[in-house]
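Engineer:
2 protein chains.
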Amino acid sequence: MADTVHLTLDEVQALALTVLGHHGVCQAQAQAMARVMLAGERDECHSHGLFRLLMCVESLRGGRVVRDAQPQVEHRSMAVVAVDAQCGFSPLAFEVGSAHLVEKVRHSGIAALVINRCFHFSALWPEVEHLTRQGLCALVMTPSHACVAPAGGRLPVFGTNPIAFGWPRGEGDPYVFDFATSAIARGEIDLYRRSGRTLPEGWGIDEHGHPSTDAATVLQRGAMLTFGGYKGSALSTMIELLAGPLLGDLTSQESLSLDGRLGGAPQHGELILAFDPCFFSRRDADADQASAERLFQAIAGQGARLPSQRRFEARARSLARGVFVARALHQDILSLMA
Amino acid sequence: MADTVHLTLDEVQALALTVLGHHGVCQAQAQAMARVMLAGERDECHSHGLFRLLMCVESLRGGRVVRDAQPQVEHRSMAVVAVDAQCGFSPLAFEVGSAHLVEKVRHSGIAALVINRCFHFSALWPEVEHLTRQGLCALVMTPSHACVAPAGGRLPVFGTNPIAFGWPRGEGDPYVFDFATSAIARGEIDLYRRSGRTLPEGWGIDEHGHPSTDAATVLQRGAMLTFGGYKGSALSTMIELLAGPLLGDLTSQESLSLDGRLGGAPQHGELILAFDPCFFSRRDADADQASAERLFQAIAGQGARLPSQRRFEARARSLARGVFVARALHQDILSLMA
């Protein structure tokens, strides 16, 4: 028996919808969530594909997620719109809010979408790409659950705090990055723990703040580290502030306190900024894009990778032939309906 | 003879004004520049204090800087204002533009200030602090001269590309960071070269893209590296895009091509974003600030430093007793008028 299951993209989406429906998630919420999981599976971002059904169902079982939450929109200014996710998952809140964000940025040149009280399980790049496809630049950030120590410290303060950015490239794939400000994903350290491997240096510390290469120590008694030393730590602090207190929402420590444990989808806020280039430049748009393309060429032309390139290559494959899901994962997903 | 010269803060400012005046810089430009140099000297950021007079005079002698440039303001939308620095230095352009930025952000919640065609020699934190003192959050970025290779590459594409962020803290000193996205400042590598010391690993590469700890190799044939590997490289790319093509202004490679050499103040654009918290949160402002303060306490309370703390301590000292300038530097500055 093959150790993978072949699924068409329609089957991926249908599977996600079925599982979420089985757990009582309303159709609007489930469809927005399934679109995000499909995008992850399609792009071979396996950690953010169907795998996330396990986390979402665990969160649903935890009882705090509102299964039929209807995001509420509030216009705060000509350039700021807020969506209260009402303790549902984030994808529907983004879909509802981003339409207003785009409308605002077309008039004001720069605009912000605030999402409050959402349960968050998704990567940020689907949201960034949604905006770049409309010719906009986008910058997105969110806190998570506290598991990362500040540079020079020993106790967890930050979440893995991802930041994502996108630049439109006409009909081509946009320039997109989406990375955690932790040195590595928490799930990656967990994989090292399961397989008994030693961590690379720089990923974590023990309870005294000393470097540790023992995954269990880092996860249970110590803390993860940010990427890039004190600079990464400062960046992670900025994400806490801009996607936490600025929005009247939770920091990663507060989100963890509310939840009581690591592992489920954390509840917190999210900040999405959009820029409409035509308000920022007086040059011809083609000249600006040509300048950006020279930058990309200067990077890729010397053999350095642009971020997301692997993802776009995977997407092309998946659109042509569907996806292959690990059989063990497929079984785990089916048993969510047992 | 003491190897430092004691100056009052008034004397620091007067010295800067005298030197700039001697080189034909108009009063408005010189005053804005002197304020920035005074701030650097006061905060013991020596690399951005009076020392910068050397770089500025070199740029003036280069003949491309317009000594009496009058920044021109253009309103692009309710939330975007642009200032054409007219090939003068950046501080006056910021002073002229920031008043409009503040006015806009009070109405729109988020706003952007675009600065075009400025010669740039200053740190970004004085601008960030100016905005935080008015209760605003600020995010500022700028390219520079290309000397940093992308992760996985070997040729310089990025400048040292600084990014700075500020969060207001009422009457107290704001939370502020301001760092280069290069692993280290270019001037720091030059100091290693002069003293014949070996560079720490991770700062630079040779012309083949291999790690190098030889300062001369890195500066002359190889390239500097970003902080934080491919993540820092992605961040530096974002800064190139948002403070370059987005604004219809130069990337670090284009700026270097225009100038023909490294060393002088580069000419390019700058992007300043401001956020007015009262549009982003529906909670009481005190509750949001209390949450931010808990975050700062969680960092500083475990012995990790908040960025800029040393600078604020130096400021308190300098306000009380003036500053001590290295005698050799003081002589070099006086000889700018010989």
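Those protein sequences? They're chains D and S, same order as listed. Each residue of the first sequence is one higher than the last, beginning at 189 in my numbering. Each residue of the second sequence is one higher than the last, beginning at 189 in my numbering. For each residue, glycine too, the CB sits at the ideal point set by N, CA and C.
1. State yes or no: is the beta carbon of Phe277/S nearer than 7 Å to at least one beta carbon in chain D?
2. Can you tell me which residues form a DSSP beta bridge with Gly392/D?
3. Have a look at the DSSP bridge pairing and note the partners of Pro399/D.
4. Going by Cα to Cα distance, which pick from Val336/D, Gln217/D, Cys466/D is closest to Cys244/D?
5. With distances taken between CB atoms, is the gap from Ala220/S to Leu280/S smaller than 7 Å?
6. Could you tell me the boundaries of the alpha helix (DSSP H) in which Ala281/D lies?
7. Going by the beta-carbon positions, is the gap between Ser278/S and Cys233/S smaller than 7 Å?
8. Would you say Arg471/D faces chain S, with C-beta separation under 7 Å as the test?
9. For Leu319/S versus Leu301/S, is the C-beta spacing smaller than 7 Å?
10. For Glu229/D, is the classification buried or exposed, using 16 other Cβ atoms within 10 angstroms of its Cβ as the cut-off for buried?
11. So who's on the other strand from Met329/D, going by DSSP bridges?
12. Provide the residue(s) that pair with Ser370/S in DSSP beta bridges, ordered along the chain.
13. Using 7 Å as the limit for Cβ to Cβ distance, is Pro399/S near chain D?
14. So Thr145/D contacts chain S; which residues on that side make the cut at Cβ distance below 8 Å?
15. Determine the DSSP secondary structure at Leu324/D, reduced to helix, strand or coil.
16. Excluding the five sequence neighbours on either side, which residues of its own chain have a C-beta within less than 6 Å of the C-beta of Ala462/D, listed in chain order?
17. So what does DSSP say about Asp272/S, is it helix, strand or coil?
18. Output, in chain order, the set of chain S residues within a Cβ distance shorter than 8 Å of Glu428/D.
19. Ends of the beta strand (DSSP E) at Phe512/D?
20. Let's see if you can read the secondary structure: which residues bound the beta strand (DSSP E) around Leu195/S?
21. Using CA coordinates, which residue listed in Pro495/S, Ala478/S, Met525/S, Leu197/S is at the minimum distance from Ile354/S?
22. Going along the chain, which residues of its own chain have a beta-carbon closer than 7 Å to the beta-carbon of Ser400/D, five neighbours each way excluded?
23. Using a 10 Å radius around the Cβ and a threshold of 16 neighbouring Cβ atoms, would you call Ser479/D buried or exposed?
24. Flag this pair as yes or no: are the beta carbons of Val605/D and Gly250/S separated by less than 7 Å?
25. Give a yes or no on whether 7 Å exceeds the smallest Cβ distance from Ser370/S to chain D.
26. On the three-state DSSP scale, how would you describe Gln485/D?
27. Pick helix, strand or coil for Ala342/S, following the three-state DSSP scheme.
28. Need the endpoints of the beta strand (DSSP E) that Val261/S sits in, please.
29. Taking Cβ positions only, does Gln219/D come closer than 7 Å to chain S?
30. Strictly under 7 Å for the Cβ-Cβ distance: is Pro388/D near chain S by that measure?
31. Starting from Ala526/S, follow the alpha helix (DSSP H) in both directions and report where the run begins and ends.
32. Mapping the DSSP letters down to three states, classify Ala337/D as helix, strand or coil.
33. Just checking: is the beta-carbon of Pro433/D within a distance shorter than 7 Å of some beta-carbon in chain S?
34. Please identify the residue among Thr196/D, Thr192/D, Met189/D, Asp378/D whose C-alpha is closest to the C-alpha of Arg503/D.
35. From Glu458/D to Thr192/S, what distance separates their C-alpha atoms?
36. Measure the beta-carbon distance from Ser265/S to Ala453/S and round it to whole angstroms, keeping in mind my assumption that it falls under 8 Å.
Structural biologist: To lay it out plainly:
1. no
2. Met412/D
3. Residue pairing by DSSP puts Pro399/D in a beta bridge opposite Ile393/D.
4. Gln217/D
5. yes
6. 278-296
7. no
8. yes
9. If you check the CB distance, Leu319/S and Leu301/S do not come in under 7 Å.
10. buried
11. Paired residues: Ile351/D, Leu459/D.
12. Per DSSP, Thr414/S.
13. no
14. Since the first residue shown for chain D is 189 and the last is 526, residue 145/D is missing from the structure and cannot be characterised.
15. coil
16. Leu289, Val293, Ala299, Leu319, Leu324, Ala326
17. strand
18. In chain order: Leu483.
19. 511-514
20. Segment 192-195, the beta strand (DSSP E) holding Leu195/S.
21. In the sequence on display, residue 354/S carries Gly and not Ile. When each option's Cα is compared against that of Gly354/S, the closest is Pro495/S.
22. Gly392, Ile393, Asp394, Val406, Gly410
23. buried
24. As shown, chain D starts at 189 and ends at 526. That puts residue 605/D outside it, with no answer to give.
25. no
26. helix
27. Note that residue 342/S corresponds to Arg in the displayed sequence, not to Ala. Three-state DSSP puts Arg342/S in coil, outside helix and strand.
28. 260-263
29. no
30. no
31. From DSSP, Ala526/S is part of no alpha helix (DSSP H); its letter is neither H nor E.
32. strand
33. True, the Cβ-Cβ gap to chain S drops below 7 Å.
34. Thr196/D
35. 50 Å
36. Incorrect: roughly 30 Å between the Cβ atoms, too far for contact.
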